[in-house]
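Position in the sequence shown counted from 1, then plus 37, gives you the working numbering. Just so it is clear, CB atoms sit at the ideal spot from N, CA and C, and this is done for glycine as well. Working notes, structure below.
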Amino acid sequence: MSDESRQATPEQRRKGESIARWVDTRLGTRGVTRAAARRVFPDHWSFMLGEICLYSFLILIVTGVYLSFYFHPSSAPVRYQGSYVPLQGQLVSEAFNSTMHISFDVRGGLLIRQAHHWAALVFVSSMLVHMMRVFFTGAFRKPRELNWVFGFLLLILGMFGGLTGYDLPDDLLSGTGLAVVNGTLLSVPVVGTYLSWFLFGGEFPGDDLVARFNTIHVLVIPAVMVLLIVAHMALALRHKHTQYAGPGRTDKNVVGLPFKVHAVKTAAFGLMVCGFIFIIAAIAQINPIWQYGPYRADQVSAGSQPDWYMGVADGLLRVMPGWEIDAWGHTLALDNVIPLGVGVGLFLALGAYPFIESWVTGDDREHHLLDRPRNRPVRTAFGAAWLSVYTVALLGAANDVIATRFHVSVNVVTWAVRIGLFTVPLVVFVVTKRWALALQWGDREKVLHGRETGVIKCLPHGEFVEVHEPLTQEQLHILTAHEQDKPLTVAQAGSLNGPPTRVQRLRAKLSRSFYGDGAQIPKPTVQEYQEITSSHQN
């Protein structure tokens, strides 16, 4: 076929232009399309973590729609007559019966169901890792505080979306988790009983829970998450993308790939994420409800474990002593209230951190260049300590499994987790901070003396020295591009009128802990660099 025959005729071009004008007149898409085509996206592997969140969420939506065609959200009892012989004739709920039907009788149903569950795990894990990337690099700073809040709310909604979906099959494992949820609700002072009766539609386990959780899981949470994702992406486009420091990169530009190249790469990456999740779903079994059986209120499954993202709550509940307070004819179950408060406080501290750091440091500038975690030792140490609390609590959720597998007493594991919740975060904070400072010191030495080559040279007078290779200008820029802020004084922490208040003194003290002498290694000055460079040349 010749080139002339493949080209559009003038009539076809006019028709295409008229259609484009019609669409642009009504939707105003031409300006948006042109702006997107001119947009540049930084090319770094860590930015793909957010894309994993997006693509796993799309898989959740597609597979969830497919499953909703066959799932019956009802607690009404029926006799199971499906393909799984060991359960035939048993009394089960319609929710359990339809889930078994999806798993054994619907073509591809088990694959879709397992892909849905694995996609949920990948979504929450990638969301947490993505937030940690944003946290450790300081991408949450002005003007992106709202984007951090949106991402934090997406993480919380993802966790509760997983919890509500986990309980829909009405099997013995999910029922055991619901018993924990019910006990936690009942422990809430004053309104706990009302919350439990409202959620379960009566006394636990009630008859309305599956239908209500299905509505929350299928309609409410996805709708809110879609709104948050749209708002998150709109703000990301509005504020432009953050980027790592490097030659030619400033707070006023973005260096990276053009939109067309980025679109091709991200589309291919999305297909890879989809393929990876479905491969896992095909070869790795998850949530085999036929092994657990239908839920009965008088039974508890041994070795029951929640999905990993809810393990922190379960772990805190397991290791808390059975403390109670009886007063005026009422009982306050501290063994539930305290873990609930600690878990909520742990996540609220994460969500509010950008505002806390901005207040402590007095930093109200816009930031578009990312930090290296080593250059913010206190922030990095706080993040590592937060993750250590999460990890230790997660181990507490598996105290019975750990005791069984390693043949130790479950009480020993429980006490180890209790002690670890207080000691491990402190140790992790100190070690992480010292590690970051050591890396800063190594960067300083590398800037002043160059990179160690491992080559030993013997001087004429017999001294052995190691040969250092000077760094390139790009390497020097990366190691010295970060800013080193000064801590606030008591006067800067508050008003200039009158003596300083306790809050002002506290703010100044916290600011010194962020940017004081023991929190950062001074960068080499230009004079120091020139003096050492000239001495090496001589």
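- Taking a C-beta distance under 8 Å as the contact criterion, Leu-128 and Pro-114 qualify as a contact pair.
- In this chain, Ala-334 is not harboured by any alpha helix (DSSP H), its DSSP state being neither H nor E.
- Straight-line measurement puts the Cα of Thr-136 at about 20 Å from the Cα of Val-337.
- Apart from sequence neighbours up to five positions away, the residues of its chain that approach Val-449 with a beta-carbon distance below 8 Å are Ala-440, ordered along the chain.
- A straight-line Cα-Cα distance of about 20 Å links His-519 and Gly-293.
- In chain order, Arg-411, Pro-414, Thr-417 place their CB closer than 6 Å to the CB of Ala-473, counting only its own chain and leaving out the 5 sequence neighbours on each side.
- By a beta-carbon distance limit of 8 Å, Arg-481 does not contact His-505. Their separation comes to about 14 Å.
- Between Ala-157 and Ile-314 a beta carbon distance of about 10 Å is seen, past the 8 Å cut, so the two are scored as non-contacting.
- Put simply, of Thr-451, Phe-419, Ile-569 the residue whose alpha carbon is nearest the alpha carbon of Pro-507 is Ile-569.
- Taking the Cα positions, Gly-420 is about 13 Å away from His-167.
- Across the set Leu-200, Val-99, Pro-79, the C-alpha of Pro-79 shows the shortest separation from the C-alpha of Lys-302.
- In this structure, the alpha-carbon of Gly-307 lies about 47 Å from that of Leu-543.
- For a cut-off of 8 Å, the C-beta gap from Leu-205 to Ala-132 is around 6 Å, short enough to register as a contact.
- Boundaries for Glu-240: no alpha helix (DSSP H) harbours it, and the DSSP string shows neither H nor E there.
- Straight across, the Cα-Cα distance linking Phe-106 with Ala-364 is about 51 Å.
- Within the region 412-437, the complete alpha helix (DSSP H) segments at least 4 residues long are 414-433, listed from N- to C-terminus.
- Under the three-state reduction of DSSP output, Leu-369 falls in the strand class.
- The criterion of a C-beta distance shorter than 8 Å is not satisfied by Val-247 and Ser-140.
- Non-local C-beta neighbours of Ala-350 in its own chain, meaning closer than 6 Å and more than five positions away in sequence, comprise Gly-380, ordered along the chain.
- Taking Ala-176 as the centre and dropping the five residues before and after it, the same chain places the C-beta of Thr-279, Leu-407 closer than 7 Å to its C-beta, in chain order.
- If you look at Gly-555, you'll find it isn't in any alpha helix (DSSP H); DSSP assigns it neither H nor E.
- In chain order, Leu-192, Tyr-346 place their CB closer than 8 Å to the CB of Leu-165, counting only its own chain and leaving out the 5 sequence neighbours on each side.
- Taken in chain order, the complete alpha helix (DSSP H) segments of 4 or more residues contained in the region 213-283 are 229-237, 246-252, 258-276.
- Per DSSP, Leu-513 has no beta bridge partner at all.
- Note on Tyr-329: 16 or more other CB atoms within 10 angstroms of its CB, so buried under the neighbour-count rule.
- The shortest C-alpha to C-alpha distance from Tyr-390 to any of Trp-185, Cys-90, Arg-442, Asn-324 is the one to Trp-185.
- Inclusion of Leu-222 and Ser-233 in the CB contact set at 8 Å is warranted, their separation being smaller than that value.
- Just so you know, the alpha carbons of Glu-503 and Cys-495 end up roughly 9 Å apart.
- Contact between the region 235-251 and the region 196-205 is established, with three or more Cβ pairs separated by less than 8 Å.
- In this structure, the beta-carbon distance from Gly-457 to Val-492 does not fall below 8 Å.
- For Glu-568, DSSP assigns no beta-bridge partner whatsoever.
- Tyr-332 and Leu-148 have their alpha carbons spaced roughly 23 Å apart.
- Contact between Gly-188 and His-269 is confirmed by a C-beta separation of about 6 Å, below the 8 Å threshold.
- For the pair Val-465 and Ala-422, the CB atoms are nearer than the 8 Å cut-off.
- Within the DSSP secondary-structure output, Ser-130 pairs in a beta bridge with Pro-114.
- The C-alpha of Val-291 lies about 6 Å from the C-alpha of Val-77.
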